[in-house]
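Report on the following structure.
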Amino acid sequence: IEVAWNRQKQFIADASHELKTPLTVIATNTDVVLSNPNDSIKNQERWLHYIRSETSRMSKLVAELLYIAKSDSNEIRMEMYDFNISDAVSEVCLNFEAHAFEEQRELISDISPRLKYFGDEDRIKQLFTILVDNAIKYSIIGTQISVSLFRNNQGKIKFCISNKCENLTEEN
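Here the sequence shown stands for residues 338 to 509, where the numbers follow the numbering used here.
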């Protein structure tokens with residue numbers, strides 16, 4: 338019971354932390370749009386795109402949180418098959434380019450084409466999403482986040498992500 342209770346508390350803490358940022362961005366951008374009621378949609382387009390982007394991000398976060406809840410209750414079944422991991426990583430990077438730009442970072446990717454991997458594509462994308470999101474979140478403004486995917490000399494697929502950060506605790 339204690340373990341389950343602690344997991345539930347951690348889940349709630351993680352959920353509230355992860356949802357705060359997109360909710361703040363959505364609220365702020367909505368306020369900007371509403372503060373100009375006579376302005377055209379074209380003039381407000383930038384703010385509306387931010388709202389759409391953060392709404393999409395929240396949808397992904399909610400899906401991830403539901404996945405965590407299901408995995409804690411052992412309801413997850415892995416769907417293993419061959420897939421193009423190069424396309425999967427490229428898609429994740431593409432989804433984060435605007436976010437990196439908004440956060441005043443540059444996301445650079447070097448992805449070898451047509452690499453095949455056997456696994457659960459959704460779980461792999463989820464892992465890459467978490468890693469890229471954290472790299473942006475914990476990097477210094479004005480720096481680059483580098484993502485690479487390639488086959489190494491031993492024939493294994495290698496994923497690398499790097500960023501510059503400071504004042505990161507050992508725990509984090």
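Heads up, the beta-carbon is just placed ideally off N, CA and C, and yes, glycines get one too.
Contact belief for residue i with residue j at Cβ below 8 Å, rounded distance in angstroms
i: ARG451; j: THR480; result: Wrong, their Cβ atoms sit about 30 Å apart, outside the cutoff.
i: ILE473; j: PHE433; result: 7 Å
i: GLU401; j: GLN463; result: 6 Å
i: ASN515; j: ILE482; result: Past the boundaries of the shown model lies residue 515; the chain is included only from 338 to 509, so the question cannot be answered.
i: ILE341; j: SER390; result: Just to set this straight, residue 341 is Ala in the shown sequence, not Ile. That pair is no contact at about 36 Å.
Neighbourhood of residue i by C-beta, 6 Å cutoff - its chain only, sequence neighbours within 5 removed
i: ILE478; result: GLN441
i: ASP447; result: SER485
i: VAL369; result: TRP384
i: MET415; result: ASP457
i: VAL362; result: GLU391
Beta-carbon contacts of residue i that lie in its chain and below 7 Å, excluding the five residues immediately before and after
i: CYS497; result: SER485
i: SER423; result: ILE448, SER449, PRO450, ARG451, LEU452, LEU486
i: MET417; result: PHE455, GLY456, ASP457
i: CYS502; result: TYR475, SER476, ILE477
i: GLN347; result: none
Residue i vs residue j beta-carbon contact at 8 Å
i: GLU382; j: PHE420; result: no
i: THR466; j: VAL426; result: no
i: LEU398; j: GLU355; result: yes
i: ASN366; j: ILE388; result: yes
Classification of residue i by the beta-carbon crowding that lies within 10 angstroms, buried from 16 upward
i: HIS386; result: exposed
i: SER353; result: exposed
i: ILE349; result: exposed
i: ASP470; result: buried
i: LEU360; result: exposed
i: LEU371; result: exposed
i: ALA380; result: The question names Ala, yet the displayed sequence has Asn at residue 380. Classification for ASN380: exposed.
i: LEU431; result: exposed
i: LEU444; result: buried
Chain-order list of residues whose beta-carbon lies under 8 Å from that of residue i (same chain, five-residue window excluded)
i: ILE494; result: ILE422, LEU452, TYR454, LEU486, PHE487, ARG488
Extract the residue ranges of the beta strand (DSSP E) inside the region 439-486, only unbroken runs of 3 or more that lie entirely within it. 443-448, 453-456
Report the start-end ranges of each alpha helix (DSSP H) in the region 375-427 that is 4 residues or longer and not cut off at the edges. 378-409
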